[in-house]
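S.K.:
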Amino acid sequence: MTKMSEKTAAIKGSPLGQDLLDALCARQLFSALDVSQSIITLKEYLVKDLSPTDLKYFYPVYFDAARVLLAECAAEFFQTGRICITALDPVRMRYGSHEIRQIIIMPKDVSRLLRVLRRVKEPAHGLCHKHGGNGWAEHIETLCQTLAKLQ
């Protein structure tokens, strides 16, 4: 699993974000993004793929990053009508661009994502500490505003 080393405001554009997208694509049919199922899939992926030490220290931050990624995807869908991703094709072993044109998101998913977004804005949170100087607060606030319209 790729460590969060690159400083970027969006999780989707980071190495960790790419790993998470690859895990989603490998484990789910991607004609639609089912947010509830994706949360479960990413949780299982992190538990399986993190070393015991990383699991102990980094799991909470990585799981929050996974949910921020899903919030980014949901916001992108509601702003553009699609989610553009680049994911690894395991058969061809090449990255390819894909568009997702359907999303399944329940009110409880929106509430969960908004709770996580509020938490990751806090200066003490690992994601805020890692991305804080790169427009992180503004990025998270934009996500909150977009998702809040869905409540």
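Whatever position you read off the sequence shown (first residue = 1), add 87 for my numbering.
No residue lacks a Cβ here, since even glycine has one placed at the ideal position from N, Cα and C.
Quick one: give me the first and last residue of the alpha helix (DSSP H) that residue 230 is part of.
M.R.: For this step, residue 230 is matched to residue 143 along the sequence shown. Per DSSP, residue 230 belongs to the alpha helix (DSSP H) from 223–235.
S.K.: Among 109, 159 and 119, which has the Cα closest to the Cα of residue 136?
M.R.: Taking the sequence shown and counting its residues from 1, the one referred to as residue 136 is at position 49. Comparing Cα-Cα distances from residue 136 to each of 109, 159 and 119, the minimum goes to 109.
S.K.: What residue range does the alpha helix (DSSP H) around residue 186 cover?
M.R.: To locate residue 186, count along the sequence shown from 1; it is residue 99. Unbroken run through residue 186 is the beta strand (DSSP E), 181–187; no alpha helix (DSSP H).
S.K.: Between which two residues does the beta strand (DSSP E) harbouring residue 174 extend?
M.R.: Reading the sequence shown from its first residue, position 87 is the one you call residue 174. Element bounds for residue 174: 170–176.
S.K.: Measure the C-alpha to C-alpha separation of residue 168 and residue 230 and round it to an integer number of angstroms.
M.R.: Position 81 of the sequence shown, counting from 1, holds the residue named residue 168. Position 143 of the sequence shown, counting from 1, holds the residue named residue 230. About 16 Å.
S.K.: By the DSSP assignment, the alpha helix (DSSP H) with residue 263 in it spans what residues?
M.R.: Limits of the chain in this structure are 88 at one end and 238 at the other, which puts residue 263 out of reach.
S.K.: Short of 6 Å in beta carbon distance, which residues of its chain neighbour residue 213, apart from the five on each side in sequence? Order them along the chain.
M.R.: Against the sequence shown, residue 213 aligns to sequence position 126. These residues qualify, in order along the chain: 148.
S.K.: Taking Cβ positions, are residue 156 and residue 201 nearer each other than 8 Å?
M.R.: Counting from 1 along the sequence shown, the entry for residue 156 is found at position 69. Counting from 1 along the sequence shown, the entry for residue 201 is found at position 114. Not in contact: residue 156 and residue 201 (Cβ atoms no closer than 8 Å).
S.K.: Would you call the stretch 187–203 and the stretch 112–125 touching, i.e. three or more CB-CB distances under 8 Å?
M.R.: Yes: at least three Cβ pairs fall under 8 Å.
S.K.: Note down, in chain order, each residue of its chain lying with its Cβ closer than 8 Å to the Cβ of residue 222, except the 5 sequence neighbours on either side.
M.R.: Locating residue 222 in the sequence shown gives position 135, where the first residue counts as 1. Counting only Cβ-Cβ distances below 8 Å, and skipping sequence neighbours, we find 96.
S.K.: Smallest Cα separation from residue 105: which of 164, 173 and 159?
M.R.: To locate residue 105, count along the sequence shown from 1; it is residue 18. Of the candidates 164, 173 and 159, the one whose C-alpha sits nearest the C-alpha of residue 105 is 173.
S.K.: Among the residues of its own chain, which have a CB less than 8 Å from the CB of residue 224, if the five just before and after it don't count?
M.R.: Here residue 224 is taken as the residue at index 137 of the sequence shown, counted from 1. Result list for residue 224: 208 and 215, in chain order.
S.K.: Buried or exposed: which applies to residue 170, given that a residue is buried once 16 or more other Cβ atoms fall within 10 Å of its Cβ?
M.R.: Translated into the one-based positions of the sequence shown, residue 170 becomes position 83. Counting Cβ neighbours within 10 Å, residue 170 comes out buried, since at least 16 surround it.
S.K.: Can you tell me whether residue 203 is buried or exposed, with buried defined as 16 or more other CB within 10 angstroms of its CB?
M.R.: Indexing the sequence shown from 1 puts residue 203 at position 116. When all chains shown are included, residue 203 counts as buried.
S.K.: When the Cα atoms are used, what is the spatial distance from residue 232 to residue 218?
M.R.: Counted from its first residue, the sequence shown places residue 232 at position 145. Counted from its first residue, the sequence shown places residue 218 at position 131. Whole-angstrom Cα-Cα distance: 19 Å.
S.K.: Starting from residue 98, follow its DSSP beta bridges and name the residues at the other end.
M.R.: To locate residue 98, count along the sequence shown from 1; it is residue 11. For residue 98, which the question treats as bridged, DSSP gives no partner whatsoever.
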